[in-house]
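Below, the structure written as structure tokens:
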């Protein structure tokens, strides 16, 4: 373990969400030598934004993202307005803690709707409305395409191609969070990662975050059964090569939702295994 | 219910697999006036192919498909050879019961593999090897793209675009089974259905089967929690219009895997609800 290079590692605090507060996570990751963290808004709210900013800076952590904005589709204009307002607030929080991006989980179908095309239009329009505030705050927005199994209830942007199309349409200040869990199966993955790399210009990169974990076989829960790197079937080194060939130079953020396994373990052990597996499997 | 038009309805016997044998399903569907059935090979083996053929013909049922061939990717040449042999046998069984097509669930990653591109090549090569036998037997092969959540363990063909590409590459005798559960989320769905329609020529249609059910929110199991039409978020009339605009004139096959709900009900009730919902929601 003395040989592991930790310089590219970040841990999304969802990975230890059942065990640790924001302060405990920041201290725990830093204690292990992990240089990056991604923060969740519910944990941020518990801690308070000002206190969180002090803790994160005090530990010297790079904040690879704030999770999450998004959830734009709404059943009525009031709902859409509330979503935009909440997203503006999320942008401000991301700025306050020095996050590298605000991750957008864009939202699924509004209650009662079966019109996924309309939901996708609401997402495009919602991001379009949010962008001026994000640009003024110099906070990049990172669309995270989610696996198609979340299309109904979490995100109707389900492929990198869709995310690239949105970035092309909406312009500067918008990019993509590539999470291997959501995109590993995509036959167009290599092409769309390359496309994202080719779209970078004027110092603005499109790939804003790179999230890692693994797809377990079998997967026993749609939401909370993600695997540790190396325990599943995702070819992590290959996807990493593609992302780096597309110009990505940021940290690799471990994000594991695992109700029955990693969330039940000693969090210091979880961090240790993240370090080991990032070194040996990624 | 006297008004429901049953002439386009088929029921895949997976919908009552926990309750009924092949004979019971054939009799039960026919008793309710349903003109079509799709058969599973394990149920066929229980019954015996000859006896099954007599039962199905005796009930006057249209057999909209035999489930299933496929599962091509293998860890070694012996496994691949066994898969091809088993698929040839499946073609012969499909012919024996007068099925309209043999449905192919193409298979996922071989044991120990993380190379989904290689698995996809094995699928292409395996179907290529099977096709001469299927053509000689005049048994169309229907590739069923499966939802990306099955990419690792059931099918590495996960979009209609991939299935259309395979059909373009491998030629006559090969088509597609469109199952709304697997493809409803796809941003390219309308385009790829149209493409499949445009590819039909010389009386050979590419869309060989149309499977219906619904996507429940929440979905509690990756495999066995499909919904009855109308209980979920899929816009069934829209997809049906697209498929029919692409020239599909076959039956609509209800296929519902539902361990905790429909498989626990009186199967005659299940059939009655299938009829009602096909009439009111599709």
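Protein chains in written order, with my numbering: chain A, 1 to 282; chain B, 283 to 564. Ideal placement from N, C-alpha and C gives every residue a C-beta, glycine not left out. Please read these numbers as outputs of a predicted model, since none were measured by experiment.
Where residue 283 (chain B) falls, given that 16 or more other Cβ within 10 Å makes a residue buried: Since pLDDT at residue 283 (chain B) reaches only 47, below the 50 mark, its modelled position is unreliable, and no value is offered.
Length of the line joining the Cα atoms of residue 74 (chain A) and residue 125 (chain A): 12 Å
Min CB distance residue 269 (chain B) to chain A below 8 Å: Residue 269 (chain B) lies beyond the stretch modelled for chain B, which goes from 283 to 564, so this question has no answer here.
Contact with chain B by residue 85 (chain A), beta-carbon distance below 8 Å: no
Bridge partner(s) assigned by DSSP for residue 292 (chain B): B:318 and B:535
Closer than 8 Å to chain A by CB, residue 516 (chain B): yes
Segment contact, 8 Å Cβ cut-off, at least three pairs: the stretch 395-406 of chain B with the stretch 232-240 of chain A: yes
Cβ contact check for the stretch 411-424 of chain B and the stretch 439-456 of chain B: 3 or more pairs under 8 Å: yes
Close beta carbons around residue 372 (chain B), own chain, < 8 Å, minus the five adjacent residues each side: 323, 348, 350, 351 and 384
Anticipated Cβ contact below 8 Å, residue 428 (chain B) with residue 440 (chain B), distance rounded: Contact between residue 428 (chain B) and residue 440 (chain B) holds, since their C-beta atoms are separated by about 6 Å, short of 8 Å.
Environment of residue 58 (chain A) [buried if 16+ CB atoms lie within 10 Å]: exposed
6 Å Cβ shell around residue 317 (chain B) - same chain, five flanking residues per side excluded: Setting aside the 5 residues that flank it on each side, residue 317 (chain B) is surrounded in the same chain by 344, each with a C-beta closer than 6 Å to its C-beta; the list follows chain order.
Closest Cα partner of residue 225 (chain A) within the set A:51, A:257 and A:46: Nearest C-alpha to residue 225 (chain A): A:257.
DSSP beta-bridge partners of residue 69 (chain A): A:104
At least 3 beta-carbon pairs within less than 8 Å: the stretch 430-444 of chain B vs the stretch 468-484 of chain B: yes
Residue 30 (chain A) versus residue 239 (chain A) - alpha carbon distance: 27 Å
Residue(s) in a DSSP beta bridge with residue 211 (chain A): A:179 and A:253
Contact check, residue 12 (chain A) vs residue 38 (chain A), beta carbons under 8 Å: yes
Residue 314 (chain B) vs residue 488 (chain B) beta-carbon contact at 8 Å: Contact flag unset, no.
Where residue 143 (chain A) sits in the DSSP three-state scheme: strand
Three-state class that DSSP yields for residue 283 (chain B) in the structure shown: Note that residue 283 (chain B) scores a pLDDT of 47, beneath 50, so its modelled location is shaky; the value from the coordinates is reported in the next line. Three-state result, residue 283 (chain B): coil.
Rounded distance between the beta-carbons of residue 292 (chain B) and residue 534 (chain B), thought under 8 Å: 7 Å
Counted within 10 angstroms of its Cβ, other Cβ atoms place residue 223 (chain A) as buried (16 or more) or exposed: exposed
Residues of the stretch 410-440 of chain B whose Cβ lies closer than 7 Å to any Cβ of chain A, in chain order: 429, 430, 431, 433, 434, 435 and 440
Under 8 Å from the C-beta of residue 187 (chain A): neighbouring residues of chain B: 402, 440, 441, 443 and 444
DSSP bridge partner residues for residue 113 (chain A) (one or two, in chain order): Answer is none; residue 113 (chain A) lacks a bridge partner.
The alpha helix (DSSP H) enclosing residue 217 (chain A), as first and last residue numbers: Careful: residue 217 (chain A) lies outside any alpha helix (DSSP H) and carries neither H nor E.
Residue 389 (chain B) versus residue 96 (chain A): straight-line alpha-carbon distance, rounded: Looking at the backbone, the Cα of residue 389 (chain B) and that of residue 96 (chain A) are separated by about 48 Å.
Min CB distance residue 497 (chain B) to chain A below 8 Å: yes
CA-to-CA distance, residue 78 (chain A) to residue 560 (chain B), given in whole angstroms: One C-alpha to the other measures close to 35 Å.
Cutoff 8 Å: residue 218 (chain A) Cβ touching any chain B Cβ: Yes, contact with chain B.
Straight-line Cα distance separating residue 186 (chain A) from residue 109 (chain A): 22 Å
Per-residue DSSP class, three states only, for residue 574 (chain B): Because chain B here runs from 283 to 564, residue 574 (chain B) falls outside it and cannot be looked at.
Among A:28, A:259, A:76 and A:282, the one whose alpha carbon lies nearest that of residue 269 (chain A): Among A:28, A:259, A:76 and A:282, the Cα nearest to that of residue 269 (chain A) belongs to A:28.
Sequence-distant residues of the same chain with beta carbon closer than 7 Å to residue 405 (chain B), five excluded per side: 354, 355, 388, 389, 438 and 439
Supposed close pair residue 64 (chain A), residue 209 (chain A) - CB separation, criterion 8 Å: 6 Å
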